[in-house]
Amino acid sequence: MTRAGRELRGAFFLACALSIIWPAAARAKTITIDDAGTQALEPSVSLKWKNAAPPRSGRNNLMVGTTTIRVRLNVMPWLRRSGRIYLNLPAQPPGPIAASWITQGRFLPGQVHSGNRVLVYTGPITAPSMEDMLTVRFSVDGSLVRRTFPVTFRFEMDED
Amino acid sequence: MHDNQLSLPASEPGMTPVVHRLQRCHYGLRRALIGAALCSAMPNAASAYTATLTPATPLTVYLQVGVGGFTNDYINGGQPGNNTTINRVSATVAAAAVGNGTAQAMTTDSTAIQSYWDGYTFCSVPGQLYIGGFYRTAGGATAAALVTATVPAALTDAAGDTIPFSKIRWTSSGNGDSGAQPFAAGNFVNGSVQNVGSMSSNTWNESCWTFSYLNNTVPPAGTFTGVVRYTLSAP
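Listed in order, the protein sequences are those of chains A and B.
Residue 102 is where the first sequence starts when you use the working numbering, and the numbers rise one by one after that.
Residue 668 is where the second sequence starts when you use the working numbering, and the numbers rise one by one after that.
Have a look at this one:
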């Protein structure tokens with residue numbers, strides 16, 4: 102065997118070793134999913150007091166608002182693969198926010214507090230896009246809000 | 668994908684298979700470059716979704732003097748409503764006692780004894796008049812909402828005789844309460860708009876008022892009436 106051949110064989114074994122070791126050490130890669138097709142059915146979410154009257158103590162100032170969002174995710178890059186999709190609600194102004202939602206079955210219902218993410222789908226990706234209608238209820242401390250504010254969330258894919 | 672629409676050129680006559688593979692690699696590289704270009708554009712498409720939240724009608728006020736309107740107790744999800752009833756507080760002074768300086772207890776036709784906050788029996792009738800409410804606002808603590816009484820100069824009878832409103836005073840309490848009342852004791856000031864209490868934002872406030880007529884003058888016999896209007900003003 103030539104020197105070049107030995108080096109090639111060494112590289113081959115090295116590659117094999119890596120191919121065995123790497124998957125065990127690797128973490129799932131998280132990628133933000135293209136949700137450009139996602140639309141809200143209402144232009145804005147109207148927040149109202151959860152309870153019309155405040156308590157004597159002056160606490161429990163929760164405001165809630167519900168909206169319907171037609172989620173459309175472009176999962177073409179993961180077509181015919183398996184993956185886990187999460188709804189990520191980053192920590193953001195004006196402060197702690199909670200979101201809970203129900204679905205029409207394509208995704209899982211759930212709830213999340215800002216700064217966290219929750220699994221909404223796991224399994225094979227069998228179509229270029231995934232759609233569902235989510236009825237989302239946002240909850241926020243009314244003492245934190247005085248005017249209109251944006252709440253951003255994203256869908257993430259953890260590749261298997 | 669658009670790059671899937673690319674077609675390989677037919678092999679040129681006389682081209683060897685090796686050359687063909689090189690050509691495929693060449694086009695594969697171009698497709699890869701196109702793919703890379705598309706991928707570089709992906710972060711724009713793969714953006715997060717933004718919902719806009721608007722605090723709708725965050726300012727809510729509720730004032731109840733006498734009977735009020737609630738669909739249910741607050742702790743059971745009650746919602747405030749309107750009640751246009753004007754309750755009466757009155758005293759009948761015996762002829763022998765008129766003007767003797769002994770205050771005469773007044774009673775009310777209000778039936779409000781329970782707090783709409785939790786149904787607790789807070790006031791006693793007919794001796795006490797319930798006053799309570801709340802001031803709801805988003806965005807943190809603000810200046811307190813004020814409750815004022817618009818007081819005529821005097822109570823009058825059919826003949827035009829008068830008794831100054833200042834002849835009426837009240838004490839403030841509530842079953843089970845200790846400490847200062849949000850609607851403190853006082854007496855009417857003739858022809859004024861006077862403060863009778865305040866509400867910190869996002870708190871429930873309530874008191875029970877016990878009225879009395881000072882009875883230290885001798886007016887003509889008659890039925891004297893007057894209306895005091897209570898107003899809640901939020902900042």
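Cβ coordinates follow ideal geometry from the N, Cα and C atoms, glycine included.
Nearest neighbour of residue i, chosen from the options [CA to CA]
i      : options                           : result
V221/A : V165/A, I203/A and N161/A         : I203/A
V895/B : F801/B, G889/B, A816/B and T804/B : A816/B
G858/B : G893/B, L726/B and G799/B         : G893/B
G216/A : K149/A, D233/A and V252/A         : V252/A
G846/B : G799/B, T751/B, S874/B and G853/B : S874/B
S833/B : N882/B, S777/B, T898/B and V765/B : N882/B
A810/B : S865/B, G745/B and T877/B         : S865/B
S867/B : A852/B, Q848/B, Y880/B and V760/B : Q848/B
T139/A : V241/A, R238/A, V246/A and M234/A : M234/A
S777/B : P887/B, F878/B and F891/B         : F878/B
A154/A : N862/B, T804/B, A772/B and N854/B : T804/B
V863/B : N739/B, A770/B, G807/B and L813/B : L813/B
Neighbour-count burial assignment, residue i, 16 or more Cβ in a 10 Å radius
i      : result
M258/A : buried
R255/A : buried
N869/B : buried
G166/A : buried
I186/A : buried
S900/B : exposed
Residue-chain proximity (residue i, chain B), Cβ-Cβ < 7 Å
i      : result
T169/A : no
D136/A : yes
K149/A : yes
R218/A : no
R182/A : no
M258/A : no
F208/A : no
P194/A : no
Start and end residues, beta strand (DSSP E) containing residue i
i      : result
L730/B : T727 to V732
Y222/A : N217 to P225
I798/B : L796 to R803
D785/B : No beta strand (DSSP E) holds D785/B; DSSP gives it neither H nor E.
Residue i at chain A interface by Cβ criterion, 7 Å
i      : result
T719/B : yes
N869/B : yes
S715/B : For clarity, residue 715/B is Ala in the given sequence; the question names Ser instead. For A715/B, the answer is yes, since a Cβ of chain A falls inside 7 Å of its Cβ.
G846/B : no
P722/B : yes
R803/B : yes
G806/B : yes
Beta-carbon proximity of residue i to residue j, cut-off 7 Å
i      : j      : result
T236/A : T719/B : no
L796/B : T775/B : yes
E232/A : G184/A : no
V885/B : Y802/B : no
I835/B : V732/B : no
A779/B : V734/B : yes
G224/A : N162/A : no
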